[in-house]
Amino acid sequence: MRDVADNRIASKYVNGNTKDKHSVKIKSITPVGEQMVYDIEMEEGGWDTRLKNGVYKQRSKARSPRDNFLIQGGLVSHNSCLIDEECSKDFFEEQTPRLFAADGDMLIAFTPVPGEIGWMFDDLYERARMIYRTKAVRDRIKERTGEVLPEIQITDSSEDVAVIMAATDDNPIYADLAKEKSEREGRPITATEYIDDMFSIYADEDVIDARRYGIFRRLSGKIFKTFNSKVHIIGGEKYFPDGLPHDWKHFRGIDWHESTPWAIGWIAVSPDDEIFVYNEFNPSPEKLITLEIARVVATRSQDYRFVLNLIDPLASKIQPNTGMSSLEDLNRVFAQFRRDGLGTGGFWQAWDTKSQKGRDEIRKRLANSVKVGMPFNNLVKQEGISRRLPTIWFLNNCVQTIQSMKNWRREEWQDRNKLQSKEEKETPQQRWSHFCTMLEGLMKRPEVFQARFGAVGGAPIRPKQYFNSRRG
Numbered sequence: 001m002r003d004v005a006d007n008r009i010a011s012k013y014v015n016g017n018t019k020d021k022h023s024v025k026i027k028s029i030t031p032v033g034e035q036m037v038y039d040i041e042m043e044e045g046g047w048d049t050r051l052k053n054g055v056y057k058q059r060s061k062a063r064s065p066r067d068n069f070l071i072q073g074g075l076v077s078h079n080s081c082l083i084d085e086e087c088s089k090d091f092f093e094e095q096t097p098r099l100f101a102a103d104g105d106m107l108i109a110f111t112p113v114p115g116e117i118g119w120m121f122d123d124l125y126e127r128a129r130m131i132y133r134t135k136a137v138r139d140r141i142k143e144r145t146g147e148v149l150p151e152i153q154i155t156d157s158s159e160d161v162a163v164i165m166a167a168t169d170d171n172p173i174y175a176d177l178a179k180e181k182s183e184r185e186g187r188p189i190t191a192t193e194y195i196d197d198m199f200s201i202y203a204d205e206d207v208i209d210a211r212r213y214g215i216f217r218r219l220s221g222k223i224f225k226t227f228n229s230k231v232h233i234i235g236g237e238k239y240f241p242d243g244l245p246h247d248w249k250h251f252r253g254i255d256w257h258e259s260t261p262w263a264i265g266w267i268a269v270s271p272d273d274e275i276f277v278y279n280e281f282n283p284s285p286e287k288l289i290t291l292e293i294a295r296v297v298a299t300r301s302q303d304y305r306f307v308l309n310l311i312d313p314l315a316s317k318i319q320p321n322t323g324m325s326s327l328e329d330l331n332r333v334f335a336q337f338r339r340d341g342l343g344t345g346g347f348w349q350a351w352d353t354k355s356q357k358g359r360d361e362i363r364k365r366l367a368n369s370v371k372v373g374m375p376f377n378n379l380v381k382q383e384g385i386s387r388r389l390p391t392i393w394f395l396n397n398c399v400q401t402i403q404s405m406k407n408w409r410r411e412e413w414q415d416r417n418k419l420q421s422k423e424e425k426e427t428p429q430q431r432w433s434h435f436c437t438m439l440e441g442l443m444k445r446p447e448v449f450q451a452r453f454g455a456v457g458g459a460p461i462r463p464k465q466y467f468n469s470r471r472g
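So in UniProt numbering, the last one in the sequence shown is 472, and the numbering has no gaps at all.
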């Protein structure tokens with residue numbers, strides 16, 4: 001399959017048996033304009049291999065086409081792996097090191113049906129470095145969302161993952177099937193009409209998006225639906241080549257846990273009411289003691305002064321091995337750091353857990369960021385009055401925070417059909433929640449969401465001047 005990408009036209013043999021002992025031969029895969037044309041043969045009998053979740057090893061010196069791809073149960077390495085539909089994550093992770101050892105490739109064919117999407121959305125699709133969409137897929141996305149996407153989208157991911165999104169409409173076989181049906185019924189039928197009729201059994205447009213167009217998404221249940229990687233993620237080197245201004249207001253937050261890694265974040269608020277999430281730390285309390293975690297936090301905080309330091313109230317729990325809480329321990333350690341000249345100290349206190357204010361504040365700022373399009377552009381005129389829209393931006397080094405904003409969602413019914421009789425679940429999932437919870441804890445406090453009023457240490461630098469002065 002690698003030759004398809006390298007040579008554009010490939011001639012390979014991939015052989016295997018399904019349960020009914022029909023051998024499948026993929027003779028060639030040829031890109032022709034917007035379509036990928038597959039030359040496939042079916043034969044009786046065949047070789048004792050299997051396609052579904054089958055793993056195949058291509059031998060360097062094959063004696064025959066049969067030897068090219070054989071099922072490998074216990075070999076150390078694989079040159080290629082073909083998976084049909086979503087497999088278990090354990091199976092996937094078992095194959096990955098075997099492919100690495102041979103510089104191999106994995107090919108997964110998957111129909112992303114809503115309600116049946118599992119780990120692959122977060123671990124593969126959302127981490128793709130390149131996404132290819134055929135014209136049929138792009139047209140459907142534009143029709144459904146108004147979003148215009150390129151044929152080839154290059155993301156900022158560093159992972160070796162490519163996603164190819166193709167529609168049923170891209171399969172040339174339906175032109176022949178439509179022609180046959182036209183001759184049977186005595187009326188002209190196009191391939192599109194044939195496919196429309198085939199999918200007319202589905203009333204849910206989301207299901208049609210997935211089954212016909214392969215549109216891979218999980219908007220349902222997302223906590224922050226307006227978060228957009230193209231808008232909200234910015235480059236720190238571009239906007240803050242010398243670091244964030246010291247006379248902006250800076251804040252720190254910690255979502256504390258006894259065993260789960262802590263979610264620690266740094267944010268700054270400009271005098272024009274724009275929040276910048278500019279640093280993060282995700283240490284495991286099972287690997288690092290509180291003193292070691294605090295030392296990293298103090299070091300990363302440099303010489304910034306922090307108006308407020310908030311932590312999950314659970315940190316107030318007394319630890320039986322020390323007789324004090326993690327909150328008390330942090331305050332003791334940070335006081336000592338300040339005396340030793342490490343950082344500027346900081347007094348940590350618990351945040352409020354009884355309000356939705358933080359989540360609402362984030363949603364409002366996300367929506368405003370979409371409206372203004374870029375940082376330092378939030379001055380708008382409404383009803384003849386100029387005002388600053390409160391916004392929020394995420395520096396691209398905050399990888400865990402960004403992934404959490406993209407992926408945090410409510411729990412879902414295992415059976416999608418339950419949505420016909422039940423409401424969507426209101427309980428957020430634990431996964432991807434921690435950095436979002438940290439931000440919500442900070443955003444509940446008026447010291448943060450009203451931080452534009454007043455300055456720390458004198459007259460603030462105007463952010464628009466700060467950015468423009470460095471654009472050259």
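Even for Gly, the Cβ is constructed at its ideal location relative to N, Cα and C. Keep in mind it's a predicted model, so treat the numbers as computed, not measured.
- When the beta-carbon positions are compared, D255 and D329 stay at least 8 Å from each other.
- L342 and T299 have their C-alpha atoms spaced approximately 7 Å apart.
- Annotation for R252: the continuous beta strand (DSSP E) segment containing it runs 249 to 255.
- A direct Cα-to-Cα measurement between I264 and S270 gives close to 20 Å.
- Residue state for D105 is assigned as strand, using DSSP reduced to three classes.
- Beta-bridge analysis with DSSP links V277 to I267, F394.
- The count of Cβ pairs closer than 8 Å, one atom from the region 131 to 151 and one from the region 174 to 185, stays below three, leaving the stretches out of contact.
- Secondary structure of A162 (DSSP, three-state): strand.
- The region 340 to 359 makes contact with the region 438 to 455; the number of CB pairs closer than 8 Å reaches 3 or more.
- Counting only residues of its own chain and dropping the five nearest sequence neighbours on each side, K317 has a CB closer than 7 Å to the CB of S325.
- With at least 16 other beta carbons inside 10 angstroms of its own, E440 counts as buried.
- The C-beta distance from R127 to L149 rounds to 18 Å, too long to meet the 8 Å contact threshold.
- Here the alpha carbons of K222 and P428 stand approximately 9 Å from one another.
- Annotated three-state conformation of Q153 is strand, per DSSP.
- In this structure the region 397 to 404 does not touch the region 369 to 388; the number of beta carbon pairs closer than 8 Å is below three.
- By the Cβ criterion, the region 195 to 206 is not in contact with the region 89 to 103, since fewer than three pairs of Cβ atoms, one from each stretch, lie closer than 8 Å.
- A Cβ-Cβ distance of about 5 Å is found for the pair D273 and R388, placing them in contact under the 8 Å criterion.
- In the DSSP secondary-structure assignment, Q382 is bridged to I385.
- Per the coordinates, the alpha-carbon of D196 lies some 53 Å from the alpha-carbon of P241.
- Contact annotation, G104 with S80: C-beta distance approximately 5 Å; criterion of less than 8 Å satisfied.
- By the neighbour-count definition (other C-beta atoms within 10 Å, threshold 16), W393 is a buried residue.
- A residue is called buried when at least 16 other Cβ atoms come within 10 angstroms of its Cβ; T290 meets this threshold and is buried.
- Using a Cβ distance threshold of 8 Å, F306 and H250 count as a contacting pair.
- With fewer than 16 neighbouring CB atoms inside 10 Å of its own CB, M374 falls in the exposed class.
- DSSP, reduced to helix, strand and coil, places M130 within a strand of the structure shown.
- Here R409 is buried: its Cβ has 16 or more other Cβ atoms, across all protein chains shown, within 10 Å.
- For I293, the enclosing alpha helix (DSSP H) covers residues 290 to 300.
- Annotated three-state conformation of V113 is coil, per DSSP.
- Listed in chain order, the alpha helix (DSSP H) elements of length 4 or more contained wholly in the region 185 to 219 are 191 to 198, 205 to 213.
- If you ignore the 5 residues before and after G235, its C-beta comes within less than 6 Å of the C-beta of N396, all in its own chain and listed in chain order.
- Between R129 and I154 the beta-carbon gap is near 7 Å, inside 8 Å, which marks them as a contact.
- By alpha-carbon distance to T344, the top candidate from W351, N331, W432 is N331.
- In terms of CA proximity to V231, T391 leads the group S404, M438, T391.
- The beta carbon of D122 sits closer than 6 Å to the beta carbons of N407 from its chain, once the five residues preceding and following it are set aside; these are given in chain order.
- Sequence-distant partners of I362 (beyond 5 residues in either direction) whose C-beta falls short of 7 Å from its own C-beta, in its chain, are F224, I392, L439, E440, M443.
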